[in-house]
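The listed protein sequences correspond, in order, to chains D and H. Position one of the first sequence corresponds to residue 2 (my numbering), numbered consecutively onward. Position one of the second sequence corresponds to residue 2 (my numbering), numbered consecutively onward. Ideal Cβ placement from N, Cα and C applies to all residues, glycine included. Working notes, structure below.
2 protein chains.
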Amino acid sequence: MLHEEEAIFQPGLSVDCVIFGFHDNQLKVLLLKMKAADKWALPGGFVYKEEDVEDAAVRVLQSRTGLRNIFLQQFHTFGDPARSNRKLNRALLRSVGVQADDSHWFLQRFITVGYYALVDFSGAVPQPDATSEACAWWDFQEMPALVMDHQHILQKALETLRKQLNDQPIGYNLLPEKFTMPELQRLYETILGKQLDRRNFQRKMLGYGILNRLEERKQGVAHKAPYYYSFDKEKYAVALENGLQQGW
Amino acid sequence: MLHEEEAIFQPGLSVDCVIFGFHDNQLKVLLLKMKAADKWALPGGFVYKEEDVEDAAVRVLQSRTGLRNIFLQQFHTFGDPARSNRKLNRALLRSVGVQADDSHWFLQRFITVGYYALVDFSGAVPQPDATSEACAWWDFQEMPALVMDHQHILQKALETLRKQLNDQPIGYNLLPEKFTMPELQRLYETILGKQLDRRNFQRKMLGYGILNRLEERKQGVAHKAPYYYSFDKEKYAVALENGLQQGW
DNA sequence: CCAAAAGTGTTGAGTCTACACCCATGC
DNA sequence: GCATGGGTGTAGACTCAACACTTTTGG
């Protein structure tokens, strides 16, 4: 990618994706281990000259996880000139075998558009890119050192996710097709960072009228088996009309 | 500005500001009449190579209104390649006396970062820029034809403003230092596009604990004179701690 | 003194919170 | 059978929407 000519990319512009997953009762973020530094980075990429910025984010998402048709949302654009790190980028070029002088397009200042994605952890297959030696999920509470301002970007994404969750039930994007109510609750508790009452949670969630309870119950669990639920897109559309705000 | 060399601006990047004001019980938006077209445009500008994107927005805001220290917030970045309009931009260049071929920096694709601002109408002094022949407030419900995707940008700004108003009382940014409760209510009604109950509005608004009632009452009005209120920044900080969400 | 606008209070409906109770399952 | 987790129900606190009443001012 970095070998390619300046001419094919929109100059000074990138996208970065904060890809959230949920596993083992933990909120996870997909990160790349840089070849050029002892740090990790958010999956990102450049925008082709005639490509929609959002399409670029979709492309990044798909190439890092193999997933398509994912909940993806722009949340902020980071335009501090000091955010670019020429030293790192030079090392990055070297790591893929490119020698360049200061005028190289990749060494200029970059503005990045941040997107966050909610994906089904079990369906994603992490793939490193050319500049990275690994691609892995990290627990959002135990993040490694990140390059440049990626810590800041992540923080902003998390903030947006929390707000969003308050007036739009988007949690199930992080879960498989069918899931149990306790699982959904753990998810909410993790994202919001606080405990919720089991019974009130269930009532409120069902009150949105966007979940279908399946006949099937979870198998092989200790104690009483919980029902499975699935998300109902049609009911969701109806529910949106009526509006479903309010906080926890 | 457009005479200046490519070298001083971040290529392919602009900012556009949706500047809201409130006057005569109407929500207003500041627009520029293009010299190069029979349409109006949102105030915008380019970003210097070493300038923070947000600083560029502040600069635009100040040069169009004379105002500083204004409520300003990034709301979305518009990255559709089809949003740029080479024909318009060529006319724009001509209007300031520049002849250029297709490779001119200003004729390339532009990504724009959208900011919205809330200003005190009575304090702003509209100033056209080099590419425009007029700068004026328009009622947001009676907008003229806008260039490119500016209608879309405006729509998105309005949407964001409405949502924001639901979980953060930001309305007084649009009013002078001191204002009456009925004035504040008209403002909310205009932005939200619906009538609100006078008494419940007052109770809820005062409940936030961020307004000071002044001794003074409004002079020279028919009927009973309403009190003036002023916004209290310190109390606001305290109120934010406790959280003040919930919708109307 | 009357109409219109503003300040203040009340009440019933609805919602949310904090529980109690019962049921199912593995050990 | 008992500890644990899940499904369902309920009483009290709280909030909110809809309204009544009083006060002030200009004409």
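Integer-rounded CB distance, given that residue j should sit under 8 angstroms from residue i
i       : j       : result
R65(H)  : L31(H)  : 6 angstroms
G13(D)  : P12(H)  : 6 angstroms
Y229(H) : E217(H) : 5 angstroms
V222(H) : Y117(H) : So it is not a contact: roughly 32 angstroms between Cβ atoms.
K40(D)  : A146(D) : 5 angstroms
R110(D) : K50(H)  : 7 angstroms
K219(D) : P227(D) : 5 angstroms
Proximity to residue i [Cα-Cα], best of the options
i       : options                               : result
N213(D) : M182(D), P44(D) and R84(D)            : M182(D)
L62(D)  : P170(D), G124(D), Q109(D) and A38(D)  : G124(D)
L175(D) : W41(D), K29(D) and D102(D)            : K29(D)
S85(H)  : D150(H), V114(H) and A8(H)            : D150(H)
A238(H) : D121(H), R199(H), P170(H) and K205(H) : P170(H)
D81(H)  : E55(D), D81(D), R69(D) and V99(D)     : E55(D)
Y189(H) : F111(H), V148(H), G22(H) and F79(H)   : G22(H)
K34(D)  : K219(D), S133(D), T161(D) and Q196(D) : S133(D)
D130(H) : K234(H), R163(H), A37(H) and I9(H)    : A37(H)
L215(H) : S231(H), K205(H) and A226(H)          : S231(H)
D53(D)  : A57(H), V48(H), F79(H) and D53(H)     : F79(H)
N201(D) : T191(D), I211(D) and Q186(D)          : Q186(D)
F10(D)  : V48(H), V97(H) and I112(H)            : I112(H)
K88(H)  : L108(H), H24(H) and S104(H)           : L108(H)
Residue-level contact to chain D via CB, residue i, 8 angstroms cutoff
i       : result
D53(H)  : yes
L14(H)  : yes
L161(H) : As written in the sequence, residue 161(H) is Thr, which differs from the Leu given in the question. With 8 angstroms as the cut-off, T161(H) does not count as an interface residue toward chain D.
R110(H) : yes
V114(H) : yes
Q11(H)  : yes
A8(H)   : no
Q186(H) : no
T78(H)  : yes
S231(H) : no
Environment of residue i [buried if 16+ CB atoms lie within 10 Å]
i       : result
E184(D) : buried
F72(H)  : exposed
G67(H)  : exposed
H77(D)  : buried
V16(H)  : buried
D140(H) : exposed
D198(D) : exposed
P44(H)  : buried
R95(D)  : exposed
G172(D) : buried
N90(H)  : buried
D121(D) : buried
E160(D) : exposed
G46(D)  : buried
A42(D)  : buried
V114(D) : buried
E143(D) : exposed
I154(D) : buried
A58(D)  : buried
L241(D) : exposed
G248(H) : Caution applies to G248(H), whose pLDDT of 43 falls short of 50 and renders its modelled position unreliable; the value that the coordinates give is listed next. G248(H) comes out exposed.
V48(D)  : buried
As assigned by DSSP and simplified to three states, the class of residue i
i       : result
G248(D) : Residue confidence for G248(D) is low, a pLDDT of 41 falling below 50, so the modelled location carries little weight; the figure read from the coordinates is stated next. Reduced to three states, the DSSP call for G248(D) is coil.
F141(H) : coil
G194(H) : coil
F111(H) : coil
D56(H)  : helix
N86(H)  : coil
K34(H)  : strand
L175(H) : helix
T132(H) : coil
S123(D) : helix
H224(H) : coil
P183(H) : helix
Interface flag, residue i vs chain H, CB-CB below 8 angstroms
i       : result
K88(D)  : no
V19(D)  : no
Q74(D)  : no
P82(D)  : yes
H105(D) : no
T66(D)  : no
H153(D) : no
K50(D)  : yes
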